[in-house]
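Visitor: First, the structure itself, so that you have it in front of you.
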Amino acid sequence: MIHSPWQPISASRLELGEGLRMLDGVVHWVDLLRGELYSWTPGSGQKGALLRTFDAPLGFVEKAPDGRLIGAVGTGLSWLRDDGPAVEIAAPGLDSTRHRVNDGCFAPDGSCWFGTMVHDGSTPEGRVWRWDPETGHVTSILSGLDIPNGPIFLPEIQAMLIGDTVAGQILSTSTVPGSSVELFTKVDGGSPDGMHVARDGCLWNAVWGGNRLDVYGPGDRSPKPVALPVSQPTSVVLTADPDPLVIVTSASVGLAAPAELDGFTLAAPLSELQL
342 MIHSPWQPIS ASRLELGEGL RMLDGVVHWV DLLRGELYSW TPGSGQKGAL LRTFDAPLGF
402 VEKAPDGRLI GAVGTGLSWL RDDGPAVEIA APGLDSTRHR VNDGCFAPDG SCWFGTMVHD
462 GSTPEGRVWR WDPETGHVTS ILSGLDIPNG PIFLPEIQAM LIGDTVAGQI LSTSTVPGSS
522 VELFTKVDGG SPDGMHVARD GCLWNAVWGG NRLDVYGPGD RSPKPVALPV SQPTSVVLTA
582 DPDPLVIVTS ASVGLAAPAE LDGFTLAAPL SELQL
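FYI, in our numbering the residues of the sequence shown are 342 to 616.
This is the structure in structure tokens:
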């Protein structure tokens, strides 16, 4: 039996739910490995609906500053047109049989930073790339991270945070070119995955393998854990309601015996969580 506060908003178990985004008040997420895009309207009384399916991994979908819908597809970025097939706009030149996209997001300057990783079991080779929409150039920004995850930007201090998932740490770097990479915090009892900064400045991190979210107050490096009924949470986002909904995606991939909610996308009112 499913108990409150966490309730499933996806209709079925996903392989690798990821990439939560709020787009015009509607919650969007992906099943990364299946290349599927889903959406859910809070308060609708309906489960999430499948919007589109791609023939390649789909890491996230987000609106660019110019209003175009951009998706991390295959090994790069594509413009997801409503009136035709997706148009590739950023190609790092990677081999799709070995590499795939992972997570990413748009920076305050309108560029898009996204991660890629090895998916064929060969030697890890993760990178973070920056796509400049003005020039179309794709530049390698960070390397040496086996699985880069959950990049987010803190505009007030020109900083980016990114999860170094395999190493179990969150890193920080400035958006100023040539800046050094520093340790933000170590994550115990699991690995850092998708991140979100709420309106109150709190940093939310989905902890893969940890059955929880970690919540960091502004300027705080010691998180408050929020327990989850899934073992592999992957991304998190909060709605803009007075009592926000906390939305979490999760994965069932790699689990020999998934629990009841593993792989589902979940929602809970913030006021009902123990923080």
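Glycine included, C-beta positions come from ideal geometry on N, C-alpha and C. All values reported here derive from a predicted model rather than from experimental measurement.
(1) Look up Ile498 in the DSSP assignment and say whether it is helix, strand or coil.
(2) Would you identify the three-state DSSP class for Leu611, choosing helix, strand or coil?
(3) Mapping DSSP to helix, strand and coil, what is Ser351?
(4) When you compare only the Cα positions, how much space is there between Gln348 and Glu475?
(5) Can you tell me which of the three DSSP states Ala390 falls into?
(6) In or out: Ile411 buried (at least 16 other Cβ within 10 Å) or exposed?
(7) Quick check: the Cα distance between Gly560 and Asp529, rounded to an integer number of angstroms?
(8) How is Met342 classed by DSSP in three states: helix, strand or coil?
(9) Check the C-beta distance from Lys388 over to Ile430 and give it rounded, since I have them as a contact under 8 angstroms.
(10) Apart from the five residues on each side of it in sequence, which residues of its chain come closer than 7 angstroms, Cβ to Cβ, to Ser484?
(11) Under three-state DSSP, which class holds Leu364?
Guide: With the given structure in hand:
(1) Residue mapping note: residue 498 aligns to position 157 of the sequence shown, counting from 1. Residue state, collapsed to three classes: helix.
(2) The residue given as residue 611 occupies position 270 in the sequence shown. Helix at Leu611.
(3) Walking along the sequence shown from the start, residue 351 turns up at place 10. Ser351: coil per DSSP, three-state reduction.
(4) Sequence index remark: in the sequence shown, residue 348 carries index 7 (1-based). Sequence index remark: in the sequence shown, residue 475 carries index 134 (1-based). Between Gln348 and Glu475, the C-alpha separation is close to 42 angstroms.
(5) Taking the first residue of the sequence shown as 1, we reach residue 390 at position 49. Correct three-state label for Ala390: strand.
(6) If you number the sequence shown from 1, residue 411 lands on position 70. So Ile411 ends up on the buried side.
(7) Working through the sequence shown from its first residue, we reach residue 560 at position 219. Working through the sequence shown from its first residue, we reach residue 529 at position 188. Each residue's Cα considered, the two are about 19 angstroms apart.
(8) Position 1 of the sequence shown, counted from the start, is the residue given in the question as residue 342. Interpretation of Met342 is limited by its pLDDT of 41, a score under 50 that renders its predicted location unreliable; the figure taken from the coordinates is listed afterwards. In this structure, Met342 counts as coil in the three-state DSSP scheme.
(9) Within the sequence shown, the letter at position 47 stands for residue 388. Within the sequence shown, the letter at position 89 stands for residue 430. So it is not a contact: roughly 32 angstroms between Cβ atoms.
(10) What you label residue 484 is simply residue 143 of the sequence shown in a count that begins at 1. Arg468.
(11) Within the sequence shown, the letter at position 23 stands for residue 364. In this structure, Leu364 counts as strand in the three-state DSSP scheme.
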